[in-house]
Amino acid sequence: MDSINLELNNLDIKEQFINVKKSEPLSIPTTAKSAASSIEDLNADFRENLYLDRMNYLREEISKINVKEMEINPDDLFDKFCDPENPVSIKFNDISAAAYRIKGGVENTPCTRSHMSDLTGMEIFFKKDFLQYTGSFKERGARFALLSLSKEQRTKGVIAASAGNHAQALCYHGKMLKIPVIVVMPKIAPIMKVSNCRSYGAIVLVEGTNMSEAKNYALKLSKMLNLMYINGYDHPNILAGQGTMALEIIEEIPNVDAIVVPTGGGGLLAGIAVAAKYMNPDIMIIAAESERCAGFYNSMINGKPTFTKAESTLADGLAVPVVGVNSFASAHKLVDKCVCVQEEFIAIAILRLLELEKAVVEGAGACGFAAILQGLLPELKGKRVVIPLCGGNIDTSILGRVLERALVADGRLIKIWVTISDRPGSLAEFCKLISSQGASIKDIAHERAWLKNDIFSVQVQGVLEVENSEKARELEMVLRSKYEKVVMGSYGGH
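Per UniProt numbering, the sequence shown starts with residue 1, numbered consecutively.
Put into structure tokens, the structure is as follows:
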């Protein structure tokens, strides 16, 4: 009989949770409280059904809303957890608590010595957080933020705006913890990431031409549906969760001299800076961001979060116009240096990581290593340096384009225009000469009609792959010794 009464009481509490109103606080009957003091006490099947019913309820409510025609007022955009007038600085105890709570739910990823150590003159270690289940460090903060919700908030669910990694992490751990999740993703979000979020069972809305618009929609919906909005780079619990990476780094790699942190909104930087400096004040904390959106650099100069126009960049995950107010408050006094990385070095970093470390890393995740390759941190020569590879979610099509551009920037893919004789065998002779220099022809074409002055000549255009930029220079010298008209596109070499 007791088991029957418990089941009936569970049904009562289930009905209460499903019909949570947007403007009404959650009311749980006393009988239900005695039957189940928390959602965790309910059996797995019941929690699953409760979660699914709440998701269905939210889907139905959202279907009644025309998101594009929502009237958004300034009050709708206020996020009480990220208040510019009252910024929150996280403490080491917050990070310690996060580490305890997320243990077992998030991977303790390896931190291994890099093959690039000898080439750079530094002892480099890569913290490989791209090996998390959803491919980025964002899982740390997302899981801790979800675990920190009240019972009422867990039942109602959460909402966020994200173009990718935060959305995926929140959706995945929401599913694991049976917490309803809605994400608003801008139209520029990669299809792969949108698809992944949907595969985790979350409600995914693709709205807004950019992240700013998507965030506005999400904040408005959070008020309409009475959901907590979780900022992916500035919610205090997100920052605390991200800081757990530093605890793992220092535990695994003794005597770290510096940590070079990819930086966008500043969440990872804040968490790592607070944890690392508490454990060892002598550790250098260096922020690395794309020069096409140097938000943290500009904020450091101005002493406060400063709007910075975000241009298109390979490190799209770092393209945040204004750094988080809590992130800046937590990090700015602890950061020793901030550097801005050129796009071509981000591309080369992705290439080097793929070739030498066998690691597929997105532009944002490779930004710290790119700062080393660009020579922006000469003071780290001979030092023990840890670089978080914090994300590996890069579209296959984009990866192909990035690698091609990286080969060009690295001086290994070159373009030539050579005028040769139009007699039979001349093209074969030209190709044989190219081959003799160890170059590989990737593409070749020849034109006759546009050579007006010499009808007995033809211009050959070719795309060649060579070992390095030095080999490209040698090839150019050989071609010029054989042919009068040789034009070679600029080749890099880093």
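From the three backbone atoms N, C-alpha and C, an ideal C-beta is built for every residue, glycine too.
For residue i, the three-state DSSP class (helix, strand or coil)
i	result
glutamine 437	coil
glutamate 71	coil
isoleucine 283	coil
isoleucine 62	helix
valine 478	helix
valine 256	coil
alanine 160	strand
leucine 268	helix
leucine 377	coil
valine 487	strand
Check whether residue i and residue j have beta carbons under 8 Å apart
i	j	result
glycine 201	arginine 54	no
asparagine 216	isoleucine 72	yes
phenylalanine 126	isoleucine 414	no
alanine 409	glutamate 344	yes
valine 487	arginine 480	no
isoleucine 283	valine 256	yes
alanine 370	leucine 377	no
arginine 401	aspartate 422	no
cysteine 340	glutamate 291	yes
proline 236	asparagine 326	yes
tyrosine 172	tyrosine 229	no
glycine 363	isoleucine 346	yes
glutamine 459	threonine 419	yes
lysine 128	threonine 109	yes
isoleucine 95	glycine 232	no
cysteine 197	glutamine 168	yes
isoleucine 359	glycine 411	Checking the displayed sequence, the identity of residue 359 turns out to be alanine instead of isoleucine. Against a cut-off of 8 Å, the Cβ pair of glycine 411 and alanine 359 comes out as no contact.
glutamate 467	glycine 438	yes
serine 330	leucine 227	no
alanine 163	methionine 122	no
glutamate 465	serine 440	yes
Cutoff 8 Å; reference residue i; Cβ partners in own chain excluding five residues on either side
i	result
isoleucine 203	Met55, Leu58, Arg59, Ile62, Pro180, Val181, Ile182, Val183
cysteine 367	Pro262, Thr263, Ala288, Glu289, Ser290, Ala315, Leu318, Val341, Ile346, Ala349
aspartate 395	Pro190, Ile191, Met192
residue 498	The displayed coordinates of the chain run from 1 to 494. Any statement about residue 498 would go beyond what the structure contains.
glutamate 484	Thr419
Cutoff 6 Å; reference residue i; Cβ partners in own chain excluding five residues on either side
i	result
leucine 147	Arg101
glutamate 252	Cys111
glycine 241	Ala98, Arg140, Gly141, Phe144
glutamine 461	Trp417, Ala445
glutamate 476	Met488
valine 124	The displayed chain sequence assigns isoleucine, not valine, to residue 124. Ser114, Met116, Ser117, Val385, listed in sequence order.
cysteine 246	According to the sequence displayed, residue 246 carries alanine and not cysteine. If we look at alanine 246 and ignore the five residues flanking it on each side, its Cβ neighbours are Ile272, Ala275, Ala276.
valine 320	Gly264, Gly265, Gly295
leucine 407	Leu413
valine 322	Pro305, Phe307
proline 84	Val325
valine 463	Lys415, Lys442, Asp443
Cβ neighbours of residue i in the same chain (closer than 7 Å, five flanking residues each side left out)
i	result
valine 67	Leu205, Glu207, Tyr217
alanine 214	Ala161, Val184, Met185, Pro186, Glu207, Gly208
leucine 356	His115, Met116
asparagine 258	In the sequence on display, residue 258 carries alanine and not asparagine. Answer for alanine 258: Ile283, Met284, Ile286, Leu380, Lys383, Val385, listed in chain order.
asparagine 120	According to the sequence provided, residue 120 is threonine. The question's asparagine does not apply to it. Answer for threonine 120: Ile372, listed in chain order.
glutamate 404	Leu413
lysine 482	Leu433
Min CB distance residue i to chain C below 8 Å
i	result
leucine 147	The structure shown has no chain C; it contains just one protein chain.
Which runs of the beta strand (DSSP E) spanning at least 3 residues fall entirely within the region 287-373, listed in chain order? 337-341
As an exercise, report each continuous alpha helix (DSSP H) stretch of at least 4 residues that is fully enclosed by the region 84-156, in chain order. 92-102, 117-120, 138-147, 151-156
If you pair each beta-carbon of the region 382-399 with each one of the region 426-436, do three or more pairs fall below 8 Å? no
Segment contact flag, the region 275-283 with the region 299-313, C-beta cutoff 8 Å, min 3 pairs: no
Return the chain-ordered ranges of every alpha helix (DSSP H) run that is complete within the region 174-254 and spans a minimum of 4 residues. 191-199, 211-224, 236-242, 244-252
Which runs of the alpha helix (DSSP H) at least 4 residues long sit entirely within the region 391-472? Give them in chain order. 396-409, 426-436
Per the contact definition of three or more C-beta pairs closer than 8 Å, is the region 73-89 in contact with the region 205-224? yes
Under 8 Å: do the region 350-360 and the region 252-268 share three or more Cβ pairs, one atom per stretch? no
Do three or more CB pairs link the region 103-119 to the region 83-92 at distances below 8 Å? no
Are at least three pairs of beta-carbons, each pair with one atom in the region 191-201 and one in the region 222-240, less than 8 Å apart? no
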